[in-house]
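Visitor: Here the sequence shown is numbered in full-length UniProt numbering, starting from 1 and rising by one per residue.
Using N, Cα and C, we set each Cβ at its ideal position, and we do this for glycine too.
Just so you know, these numbers come straight off a predicted model, no measurement behind them.
Can you keep this structure in mind? I'll have questions shortly.
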Amino acid sequence: MPKVLVVDDEEHIRELVRLYLEDEGFEIIEKENGADALEFAENNHVDMVILDIMMPQMDGWALCQNLREFGDMPILMITAKGESTDRIKGFKLGTDDYVVKPFDPVELVLRVKALFKRYRTATSNIVKLGDITLDRKSYRVVFSDGKTTTIPLKEFELLYKLGSNAGQLFTRDSLIEQLWGMDFAGDERTVDVHIKRLRERFSAHESSFRIVTIRGLGYRLEVEQD
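This is the structure:
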């Protein structure tokens, strides 16, 4: 049973999330502030964290940043703020997704399930993008007709990162940090160049997937549905 840590100083929000997620088979642990939540996460296994931004003792920004220092788990923000600047800040700190209060609890459940699906895919070595398969063990691209090819390592890593988290928005800064490292001396244009090369390289496979530019935010990969 997946264990979800719900962190919000509003009791009725925690109760709403708990009722809907428990009906879907999730185990819920509730904390009313970021400090208590961080202490729990440091000493107990947690599969996902759902957190508010405005909380006493430690806000959601700080909690998210601390969680990312020791764990790789899905993080979903629940916030009353819907401005793009807040979304950008959340994504830069490691948030995977967010919902804005007042939210539809059914939508929340769907987002939680989608995040778990993304993370399960990300921990495997195979990602399917329509008629293309990415094999991280061999770093090969396999086509539906059985043919294989290799592409430059950074291009593969970038496509694999986007593909294993299809539908998720990545800022340029987060991609640089995750794929090139904190000490990378270049700038965000490096990501743009690699995205351009991937689009050109797989232009004949737009029916399988496409990399979408979200103006002012970053990129996400969308897999075309049959």
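Quick check: the Cα distance between Met77 and Val100, rounded to an integer number of angstroms?
Guide: What you label residue 77 is simply residue 77 of the sequence shown in a count that begins at 1. What you label residue 100 is simply residue 100 of the sequence shown in a count that begins at 1. Taking the straight line from one Cα to the other gives about 8 angstroms.
Visitor: What did DSSP end up calling Gly186 once you bin it into helix, strand or coil?
Guide: Residue mapping note: residue 186 aligns to position 186 of the sequence shown, counting from 1. DSSP places Gly186 in coil when its eight states are reduced to three.
Visitor: Taking the C-alpha atoms as reference points, what is the distance between Ile176 and Met182?
Guide: In the sequence shown, counting from the first residue as 1, residue 176 sits at position 176. In the sequence shown, counting from the first residue as 1, residue 182 sits at position 182. Answer to the nearest angstrom: the Cα atoms are 8 angstroms apart.
Visitor: Which whole runs of the beta strand (DSSP E) in the segment 95-133 are 3 residues long or more, in chain order?
Guide: Within the segment 95-133, the complete beta strand (DSSP E) runs of at least 3 residues are 97-100, 126-129.
Visitor: Less than 8 angstroms between the CB atoms is what I'm expecting for Leu198 and Leu158, so what's the real figure, rounded?
Guide: Indexing the sequence shown from 1 puts residue 198 at position 198. Indexing the sequence shown from 1 puts residue 158 at position 158. 7 angstroms between Cβ atoms; contact.
Visitor: Considering only the beta carbon of each residue, do Val127 and Ser164 sit closer than 8 angstroms?
Guide: On the sequence shown, position 127 is the one that residue 127 refers to. On the sequence shown, position 164 is the one that residue 164 refers to. A contact, by the Cβ cut-off of 8 angstroms.
Visitor: Taking Ile53 as the reference, which of Val191, Val17, Arg87 has the closest Cα?
Guide: Taking the first residue of the sequence shown as position 1, residue 53 is located at position 53. Ranking the options by Cα distance to Ile53, first place goes to Arg87.
Visitor: Would you say Leu159 lies against chain C (beta-carbon separation less than 8 angstroms)?
Guide: No chain C appears in this structure, which consists of one protein chain only.
Visitor: Whose CA, out of Gly186, Val49, Phe156, Arg68, lies closest to the CA of Arg136?
Guide: By 1-based counting over the sequence shown, the position of residue 136 is 136. Of Gly186, Val49, Phe156, Arg68, the residue nearest in Cα terms is Phe156.
Visitor: Please classify Asp52: does DSSP put it in a helix, a strand, or coil?
Guide: Looking up residue 52 in the sequence shown gives position 52. Here Asp52 sits in strand by DSSP.
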